[in-house]
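See below for the structure under consideration.
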Amino acid sequence: MAGQAQSRMNDTELIREAQRGNAAAFEDLVRQYDAAVLRLAYHLTRSEQDAQDIYQEAFLKAYRNINNFRFECSFYTWIYRIVTNLCLDLLRKRQVRKEDSGVTTDSEGGSYDLLDQVADVRSGASPERDLMRRELGARIAKALQKLTPRERMVFEMKHYQGLKLRTIGEILNTTEETAKNTLFRGTQKLRAALRDMR
Amino acid sequence: MNCEWVQQNITLYLYNELADDARHELEQHVARCQNCAAEVADQREFQVQMNALPVEEPSASFLAAARMRLQESLETAQPHRAWYHRLVFDPAAWLRQVRFSPALSSLLFLVGFAGGIGAMYSTMSKGQRPAVITGATPQEASIGGITSIEKEAGTDNVKVQYDKRLPESVQGSVSDPKVQDLLLYAAKSNENSGVRLNSVDALTSKADDPRVRETLTYALRYDSNPGVRLMALEGLGPYVKDDIRVRNAVLEALLNDSNPGVRSGALHALDPVRADSSVRMALQQLSKEDASPYIRSESTRMLASMPVID
């Protein structure tokens, strides 16, 4: 507990420094969150380019608006709000351009095949099993596209990033109850989609 | 505790979101109720299935690249100041703004480094030479960037903090993920075309990896150096048949690349798929309009040797 209070205080000092325009203090602050942000952005978008763009935009936006941070929530929540809004924007843009086939476009209009976006398992133990796993991965990626951006975001944060529903509610500026219901809807849709694909 | 409640809360249960007492009740119910137990098993399986798309930690080079790019952007970005801040003169902030002034940068190159971060020196006043502290030459010290400048009030003393670039090396097979990550990064972002060329060259042996192909495709599309683009093309050639993205990128190069050497390389790379309708259309355009007579005649020849498929 005391340790947490200590690190909170250091964060506060870093934030105040950053508010004075100290970019180095901001970078120190950023380092606590940036790997997690990149991980989220990459898993969500399946595109290195898009993940990079979200990363850059999010932290730049945070730096430019740091004087709007008035300590009413944790810095973690504040950063994640910015990142989530950017992710939602991207998901909405992609939905508009969505095609039915397994080929999708990233935010630059470059096309990529979902199958290729799934991690290439280098185990080499069983090529058939690897292929099956990649195909399952592609099916899952396709099923995820059936969710609304918000459902996708909540599922990503709960299932893949392990955040608590209460935190997710705070990040999305809504209640834990709403986040729960969004998770349910998303889960139902996904289960139905996977069943249909068998 | 009825089945309806249980069914509605299985998701929360599996995500460990239930309060302790609710969790206990649910587990008790599931131990006695086959239907609900089946539903729990089903949802568990669903969760396992969803992990066929696992979350990956960003590679060290990916994260490093992101951080470097952010650092560069932050150097010119400014936080939006509240209006009342603008009325107060903040010497520290002012000094931060002048950190890129040429006078200060040239001063820095006259100062030696004491093998650590940070150096103190006296500023010049009226034509005086700056006091040099220790002796390494500017060539030995590679500065990564200046992070802050603080002026001691009432004196001529200034403290400059800067980052030093530490050269490192890694050796190993191109199959080694660490090596590959660095090669992928170098191929896309290095300023030196020789380095980009060597990375692309090394990567061509691993073009069976779609991530490598993505980088080679990027190099073919966007690299400023035609030698690098040709090298990428060589790596991608064998994949025009099976990878539609590669075929499209090579087609693009054929139609849009400014360098005739790259265009003829692309032409030959597309020979195995010359029956493809979009390739045919491109060949028809090139046979009439390309600036290079070689490309015009080659396209004509390839068209002539093709069966017409409609």
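Line by line, the protein sequences give chains A and B.
Each residue of the first sequence is one higher than the one before, starting from 176 at the first, in the working numbering.
Each residue of the second sequence is one higher than the one before, starting from 872 at the first, in the working numbering.
All C-beta atoms, glycine included, are put in the ideal place defined by N, C-alpha and C.
Bear in mind the structure is a predicted one, so any value in this text is a computation, not a measurement.
Among the options, the one whose alpha carbon lies nearest that of residue i
{"i": "PHE201 (chain A)", "options": "A:ALA354, A:ALA233, A:ASN348", "result": "A:ALA233"}
{"i": "ASP1052 (chain B)", "options": "B:LEU1104, B:VAL1083, B:PRO1038", "result": "B:VAL1083"}
{"i": "LYS317 (chain A)", "options": "A:LEU369, A:PHE250, A:ILE190", "result": "A:LEU369"}
{"i": "GLU247 (chain A)", "options": "A:GLU345, A:LEU365, A:GLN363", "result": "A:GLU345"}
{"i": "ARG1118 (chain B)", "options": "B:SER1095, B:GLY1132, B:ARG1151, B:PRO1131", "result": "B:ARG1151"}
{"i": "GLN1032 (chain B)", "options": "B:GLU1039, B:VAL1041, B:THR1026, B:GLU1021", "result": "B:GLU1021"}
{"i": "VAL911 (chain B)", "options": "B:GLU898, B:ALA923, B:MET921, B:ASN922", "result": "B:GLU898"}
{"i": "VAL271 (chain A)", "options": "A:THR357, A:ASN197, A:THR323, A:VAL212", "result": "A:THR323"}
{"i": "TYR335 (chain A)", "options": "B:ALA923, B:ARG1172, B:LEU1087", "result": "B:ALA923"}
{"i": "ARG308 (chain A)", "options": "B:PRO925, B:LEU941, B:GLN949", "result": "B:PRO925"}
{"i": "ARG195 (chain A)", "options": "A:ASN240, A:THR342, A:GLN207", "result": "A:ASN240"}
{"i": "ILE1014 (chain B)", "options": "B:LYS1035, B:ASP1027, B:LYS1030", "result": "B:LYS1035"}
{"i": "HIS218 (chain A)", "options": "A:ASP186, A:MET372, A:GLY312, A:ASN197", "result": "A:GLY312"}
Short CB-CB distance (under 7 Å) between residue i and chain A
{"i": "ALA1090 (chain B)", "result": "no"}
{"i": "ALA1058 (chain B)", "result": "no"}
{"i": "SER1070 (chain B)", "result": "no"}
{"i": "HIS951 (chain B)", "result": "yes"}
{"i": "SER882 (chain B)", "result": "Per the sequence shown, the amino acid found at residue 882 (chain B) is Thr instead of Ser. Yes - at least one Cβ of chain A is within 7 Å of the one on THR882 (chain B)."}
{"i": "ARG1036 (chain B)", "result": "no"}
{"i": "GLU875 (chain B)", "result": "no"}
{"i": "ALA908 (chain B)", "result": "no"}
{"i": "PRO1109 (chain B)", "result": "no"}
{"i": "LEU1122 (chain B)", "result": "no"}
Residue i, enclosing alpha helix (DSSP H) - first and last residue
{"i": "GLN899 (chain B)", "result": "891-903"}
{"i": "THR855 (chain B)", "result": "Examination of residue 855 (chain B) is not possible in this model, given that chain B is present from 872 through 1181 alone."}
{"i": "GLY1015 (chain B)", "result": "No alpha helix (DSSP H) contains GLY1015 (chain B), which is instead part of the beta strand (DSSP E) from 1014-1022."}
{"i": "LYS131 (chain A)", "result": "Residue coverage of chain A in this structure runs from 176 to 373, which leaves residue 131 (chain A) outside it and unanswerable."}
{"i": "LYS1035 (chain B)", "result": "Unbroken run through LYS1035 (chain B) is the beta strand (DSSP E), 1028-1035; no alpha helix (DSSP H)."}
{"i": "LYS1059 (chain B)", "result": "1048-1060"}
{"i": "HIS1139 (chain B)", "result": "1131-1140"}
Beta carbon proximity, residue i to chain B, threshold 7 Å
{"i": "PHE250 (chain A)", "result": "no"}
{"i": "ALA199 (chain A)", "result": "yes"}
{"i": "PHE244 (chain A)", "result": "no"}
{"i": "VAL296 (chain A)", "result": "For VAL296 (chain A), the predicted structure reports a pLDDT of 47, less than 50, and the residue's modelled location is therefore unreliable. A value from the coordinates is still provided. No, VAL296 (chain A) lies away from the interface with chain B (no Cβ there is under 7 Å from its Cβ)."}
{"i": "THR357 (chain A)", "result": "no"}
{"i": "TYR255 (chain A)", "result": "no"}
{"i": "ARG173 (chain A)", "result": "This structure gives no information on residue 173 (chain A), because the portion of chain A shown stretches from 176 to 373."}
{"i": "LEU338 (chain A)", "result": "no"}
{"i": "ARG360 (chain A)", "result": "no"}
{"i": "THR342 (chain A)", "result": "no"}
{"i": "ILE315 (chain A)", "result": "yes"}
{"i": "GLY277 (chain A)", "result": "No answer about GLY277 (chain A) holds up, because its pLDDT of 47 lies below 50 and its placement is not dependable."}
{"i": "TYR230 (chain A)", "result": "yes"}
Endpoints, beta strand (DSSP E) assigned at residue i
{"i": "THR323 (chain A)", "result": "Counting along the chain, THR323 (chain A) falls outside any beta strand (DSSP E), and DSSP gives it neither H nor E."}
{"i": "TYR230 (chain A)", "result": "No beta strand (DSSP E) contains TYR230 (chain A), which is instead part of the alpha helix (DSSP H) from 223-239."}
Contact check, residue i vs residue j, beta carbons under 7 Å
{"i": "LEU856 (chain B)", "j": "VAL1099 (chain B)", "result": "No answer is possible for residue 856 (chain B): the residues shown for chain B start at 872 and end at 1181."}
{"i": "ARG366 (chain A)", "j": "PRO929 (chain B)", "result": "no"}
{"i": "LEU1122 (chain B)", "j": "ALA1103 (chain B)", "result": "no"}
{"i": "LEU1157 (chain B)", "j": "LEU1174 (chain B)", "result": "no"}
{"i": "GLU888 (chain B)", "j": "LEU340 (chain A)", "result": "yes"}
{"i": "THR882 (chain B)", "j": "THR362 (chain A)", "result": "yes"}
Proximity test, residue i beta-carbon vs the ligand ATP heavy atom, cut-off 6 Å
{"i": "ARG1134 (chain B)", "result": "Annotation note on the ligand ATP: not contained in the displayed structure, which lists no ligands."}
Taking one C-beta from the region 313-330 of chain A and one from the region 257-276 of chain A each time, how about it: are there three or more such pairs within less than 8 Å? Short answer: they touch.
How about the region 1134-1147 of chain B and the region 1104-1117 of chain B: do they share at least three Cβ pairs that are nearer than 8 Å? A contact exists between the region 1134-1147 of chain B and the region 1104-1117 of chain B.
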